[in-house]
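Protein sequence lines correspond, in order, to chains A and B. For what it's worth, our numbering labels the leading residue of the first sequence as 128, then goes sequentially. For what it's worth, our numbering labels the leading residue of the second sequence as 128, then goes sequentially. Backbone N, C-alpha and C fix where the C-beta goes; we use that ideal spot for every residue, glycine too. Nothing here was measured: the structure is a model prediction, and the numbers come from that model.
There are 2 protein chains.
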Amino acid sequence: MLGATNLSDDSRAPLLIHSVADLRRWRRNALMAGKTVGMVPTMGALHDGHLNLVRRARTSCDLVVVCIYVNPSQFAPHEDLDQYPRTLQQDIALLGGSAKDAARQTDASATGCLADVVFAPSNESVYPDGITTVRKDQRGAFVEVLGLSHQMEGVTRPHFFRGVATIVTKLINLVQPDRVFFGQKDAQQCVVVRSLIRNLCLPVEMTVVETTREQDGLAMSSRNRYLTAEERQPAIALYKALRRAQTAYLEGERRRSALMELANAEISAAPNVSLEYLSLAHPRTLDELDNIGEDGAIISGAIRMPSARLIDNLLLGCEL
Amino acid sequence: MLGATNLSDDSRAPLLIHSVADLRRWRRNALMAGKTVGMVPTMGALHDGHLNLVRRARTSCDLVVVCIYVNPSQFAPHEDLDQYPRTLQQDIALLGGSAKDAARQTDASATGCLADVVFAPSNESVYPDGITTVRKDQRGAFVEVLGLSHQMEGVTRPHFFRGVATIVTKLINLVQPDRVFFGQKDAQQCVVVRSLIRNLCLPVEMTVVETTREQDGLAMSSRNRYLTAEERQPAIALYKALRRAQTAYLEGERRRSALMELANAEISAAPNVSLEYLSLAHPRTLDELDNIGEDGAIISGAIRMPSARLIDNLLLGCEL
């Protein structure tokens, strides 16, 4: 079924693989054929931000695998695991560039299939001992990245990066990609995964792709669809706050106090927006900075609106 | 330096590799040459138990990598990390079958090199963010196998299997072996690593090799060299205790109470021996059993002698 000739499918639908055995067979054929493989791990509900990751993967790898898996271990019991959007058929259409929606939302349809494989494993495939969001009842292997998981997003989501590190390790071991692609929008995730790859000696390269934004600057996110019509406009307050700080940084400001004051002012002025945190952190250690030094900084934050929690970040003189 | 023609060395000394870059180059060449690779992870201080693992690897893999690395993260601050024997040159001689000692202790010298590669990484190679035995100061990625790490050996060594799971994950990612080989003597370690491989979806097979024993039955261990002359004979009390229980099991006894009574009696009678624990556990869940069912059981224990702590186990109607 998955012969060596079927590595890439030009019928405008990516190959959909659910089972580990099929994936391993496909990967072995890719290896035998001397093809490089790029991997884009996602939780589905794809938007143009994801598609830009896939496009980037396409430029540097012979074959592209998009993982679509809503990973329970990165959700806490009170979070939105059950409500998280699951839109596999629509996602596949976007990646194949064959559906009407895809033609509207992306130019994939003009260039054939964006992805060669969609890997959508079952929970049993990736958590053979089962998975629950209740930490004390969890069984099996879990990966933690110490020192980078407790601050920023880790304050309100202390379970989150353990879940991310665990599923990314599993997916890398399954797909065995030459290169993985992550979006800058989840900046702390990028820092954690880069440390994970280095520390677990995973034989894979990592590329961080800049955040894709709506026309008004709102960072694309699968959770944006939770926003009501009234919330949509004030949702850009976080981006505007980060931009104000970035502008000051580019004009020479290096002091945390001054940058934070500018950002806070922007967010205070927005209706229906409650600030969860603003962070000015070192790009590798994630230590909070009083002043930005030569390593630069990540300025990031999270806001809560009635219908959604949103995050965003900008890089000040650094890369991830 | 590490050309494709130099995958295996017939000069009776294994290729000694310290750096990750050299190892990756060697591995790529092995892959290109279509050779399968077996990995035997050790902490060095090799004895015939290790060499039997290497011999087994040799029978089922084209090329054999022996890792020699004393892993700090599986030691607690009060344990014997500094004292742990480090005998790299002697270990290499044993694996090459070229030293006089090797000729006496093993028949490797009659058949050429036992191992093709000795991979002896630096701490910096495997713990790029540094490593300390003080858990709260640790940084970087660590792997835990939940549900299998807290009982038996995990009671007195709660840090141990996290350290083992972490280093085994790193070594598998570095060597990328087709098959790994572990000794049954560390039974709980075998159960933990099997779960690790399954749960992290590591693309590797695992073989457990039965315990190698001295003529009187003492399980070979690098820590046996800590034993004084007076301690050597009573050190076999644990093995004798497990054997008495095994004999009763083979005669039909299934009750924990009866098997433990037999084993305890043997250990109580030995001088200088203090029992730390005896366990009768399910071979996959490690749950303690009141009666042995159709899945069989691991009977295991640890004793403390003035100069060393020793462990041993036997399998009752099961495999690891």
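Relative to the C-alpha of residue i, which residue among the options is closest?
i: Pro410/A; options: Asp417/A, Asn300/A and Asp422/A; result: Asp422/A
i: Glu380/A; options: Gly444/A, Ile219/A and Leu405/A; result: Gly444/A
i: Pro401/A; options: Ala429/A, Leu407/A and Ala375/A; result: The question names Pro, but residue 401/A in the sequence shown is Ser. Checking every option, the nearest Cα to that of Ser401/A belongs to Ala429/A.
i: Gln360/B; options: Arg370/B, Glu378/B, Pro398/B and Ser348/B; result: Pro398/B
i: Val191/B; options: Gln316/B, Leu150/B, Asn326/B and Ser276/B; result: Leu150/B
i: Val167/A; options: Arg183/A, Arg152/A and Gln216/A; result: Arg183/A
i: His177/B; options: Arg340/B, Asp417/B and Tyr376/B; result: Arg340/B
i: Cys317/B; options: Thr334/B, Asn326/B and Leu301/B; result: Thr334/B
i: Thr260/B; options: Ala375/B, Asn326/B, Leu327/B and Phe202/B; result: Phe202/B
i: Arg185/B; options: Val197/B, Gly165/B, Tyr196/B and Asp439/B; result: Gly165/B
i: Val314/B; options: Gly281/B, Ser434/B, Val147/B and Ile195/B; result: A quick correction: the sequence has Ala, not Val, at residue 314/B. Per the Cα distances, Gly281/B.
i: Val197/B; options: Asp175/B, Met170/B and Ser434/B; result: Met170/B
i: Gln216/B; options: Asp264/B, Pro199/B and Ile195/B; result: Ile195/B
i: Leu365/A; options: Leu441/A, Glu206/A, Glu378/A and Gly267/A; result: Leu441/A
i: Arg266/A; options: Ser434/A, Val147/A and Ser200/A; result: Ser200/A
i: Gln342/B; options: Gln373/B, Ala408/B, Thr374/B and Asp175/B; result: Asp175/B
i: Asn179/A; options: Ser434/A, Val336/A and Asn326/A; result: Val336/A
On the DSSP letters alone, give me the boundaries of the alpha helix (DSSP H) that residue i sits inside.
i: Met166/B; result: Here Met166/B belongs to no alpha helix (DSSP H); instead the beta strand (DSSP E) covers Val164 to Thr169.
i: Cys317/A; result: Ala314 to Asn326
i: Thr374/A; result: Ala364 to Leu377
i: Glu525/B; result: Only positions 128 to 447 of chain B appear in the structure, and residue 525/B is not among them; the question remains open.
i: Val147/A; result: Val147 to Met159
i: Arg411/A; result: Per DSSP, Arg411/A belongs to no alpha helix (DSSP H) and is neither H nor E.
i: Arg350/B; result: That residue, Arg350/B, is in no alpha helix (DSSP H); it is neither H nor E in DSSP.
i: Ile219/B; result: Leu215 to Gly223
i: Val282/A; result: Glu280 to Thr283
i: Asn245/B; result: Looking at the sequence provided, one finds Val at residue 245/B rather than Asn. Careful: Val245/B lies outside any alpha helix (DSSP H), inside the beta strand (DSSP E) at Val244 to Phe246.
i: Ser384/A; result: Arg383 to Ser395
Tell me which same chain residues have a C-beta within less than 6 Å of the C-beta of residue i, skipping the five on either side of it?
i: Gln278/A; result: Leu413
i: Thr163/B; result: Cys188, Asp189 and Asp305
i: Glu332/B; result: Arg306
i: Thr238/A; result: Any reading at Thr238/A is ruled out, since the residue's pLDDT is 44, under 50, leaving its predicted position unreliable.
i: Lys367/B; result: Glu393
i: Thr338/A; result: Gln311, Lys312 and Ala346
i: Leu299/A; result: It should be noted that the sequence gives Ile, not Leu, for residue 299/A. These residues qualify, in order along the chain: Leu329 and Val331.
i: Val302/B; result: Met166 and Val192
i: Glu446/B; result: none
Could you spell out where the beta strand (DSSP E) holding residue i opens and where it closes?
i: Gly428/B; result: Ala424 to Arg431
i: Glu271/B; result: Gly267 to Leu273
i: Phe309/B; result: Arg306 to Gly310
i: Thr334/A; result: Glu332 to Val336
i: Asn250/B; result: Where Asn250/B is concerned, there is no enclosing beta strand (DSSP E), although the alpha helix (DSSP H) it sits in stretches over Asn250 to Val253.
i: Phe287/B; result: From DSSP, Phe287/B is part of no beta strand (DSSP E) but of the alpha helix (DSSP H) over Phe287 to Val302.
i: Leu142/A; result: Leu142 to Ile144
i: Ile419/B; result: It is not in any beta strand (DSSP E) - Ile419/B carries neither H nor E in the DSSP assignment.
i: Asn198/B; result: Note, Asn198/B: premise wrong, no beta strand (DSSP E); not H, not E.
i: Asp439/B; result: Arg436 to Leu443
Considering only residues of the same chain and omitting the five flanking positions on each side of residue i, which have a CB-CB separation below 7 Å?
i: Ala362/A; result: Leu345, Leu354, Met432 and Leu437
i: His145/A; result: Ala247, Pro248 and Ser249
i: Val181/B; result: Val167, Val191, Val193, Leu222, Leu241 and Ala242
i: Leu416/B; result: Arg383, Leu407, Ala408, His409 and Ala424
I'd like the list of long-range same chain contacts for residue i, defined as Cβ closer than 8 Å, with 5 residues on each side in sequence excluded.
i: Glu103/B; result: Within the shown structure, residues of chain B are numbered from 128 to 447, placing residue 103/B beyond reach of any answer.
i: Arg262/A; result: His286
i: Pro141/A; result: Val193, Ile219, Leu222, Gly223, Cys240, Leu241, Ala242, Asp243, Val244 and Val245
i: Ala172/B; result: Tyr211, Pro212, Arg213, Thr214, Asp218, Ser349 and Arg352
i: Arg231/B; result: Confidence at Arg231/B is low in this model, with a pLDDT of 38, below 50, so its placement is unreliable and the value that follows should be read with caution. Taken in chain order, the list of residues that qualify is empty.
i: Ala356/B; result: none
i: Asn418/B; result: Arg381, Arg382 and Arg383
(request) Taking 8 Å as the threshold, find out whether the stretch 246 to 257 of chain A comes into contact with the stretch 386 to 395 of chain A through three or more Cβ pairs. (result) no
(request) Decide yes or no for the touch test of the stretch 246 to 253 of chain A against the stretch 303 to 317 of chain A: beta carbon pairs closer than 8 Å, at least 3 of them. (result) no
(request) Would you check if there are 3 or more beta carbon pairs closer than 8 Å linking the stretch 268 to 275 of chain B to the stretch 392 to 402 of chain B? (result) no
(request) Please name the residues in the stretch 328 to 339 of chain A whose beta-carbon is closer than 7 Å to at least one beta-carbon of chain B, in chain order. (result) Cys328, Leu329 and Pro330
(message) Would the stretch 316 to 331 of chain B count as touching the stretch 281 to 292 of chain B if we require 3 or more Cβ pairs under 8 Å?
(response) yes
(request) Report yes or no: do the stretch 144 to 162 of chain B and the stretch 201 to 215 of chain B share at least 3 C-beta pairs separated by less than 8 Å? (result) no
(message) What are the residues in the stretch 169 to 201 of chain A lying within 8 Å of chain B by C-beta distance?
(response) none
(request) Pull out every residue of the stretch 287 to 303 of chain A whose Cβ sits closer than 7 Å to any Cβ of chain E, in chain order. (result) In the structure shown, chain E does not exist; the protein chains are A and B.
(request) Determine which residues of the stretch 311 to 328 of chain A have a Cβ less than 8 Å from any Cβ of chain B, and write them out in chain order. (result) Ser322, Leu323, Arg325, Asn326, Leu327 and Cys328
(request) Name, going along the chain, the residues of the stretch 258 to 273 of chain B whose beta-carbon falls closer than 8 Å to a beta-carbon of chain A. (result) Gln265, Arg266, Gly267, Ala268, Phe269, Val270, Glu271, Val272 and Leu273
(request) Mind checking the stretch 401 to 420 of chain A against chain B and listing, in chain order, the residues whose C-beta falls within less than 7 Å of any C-beta there? (result) none
(request) Would you list, in chain order, the members of the stretch 148 to 171 of chain A that have their beta-carbon closer than 9 Å to a beta-carbon of chain B? (result) Arg151, Arg154 and Leu158
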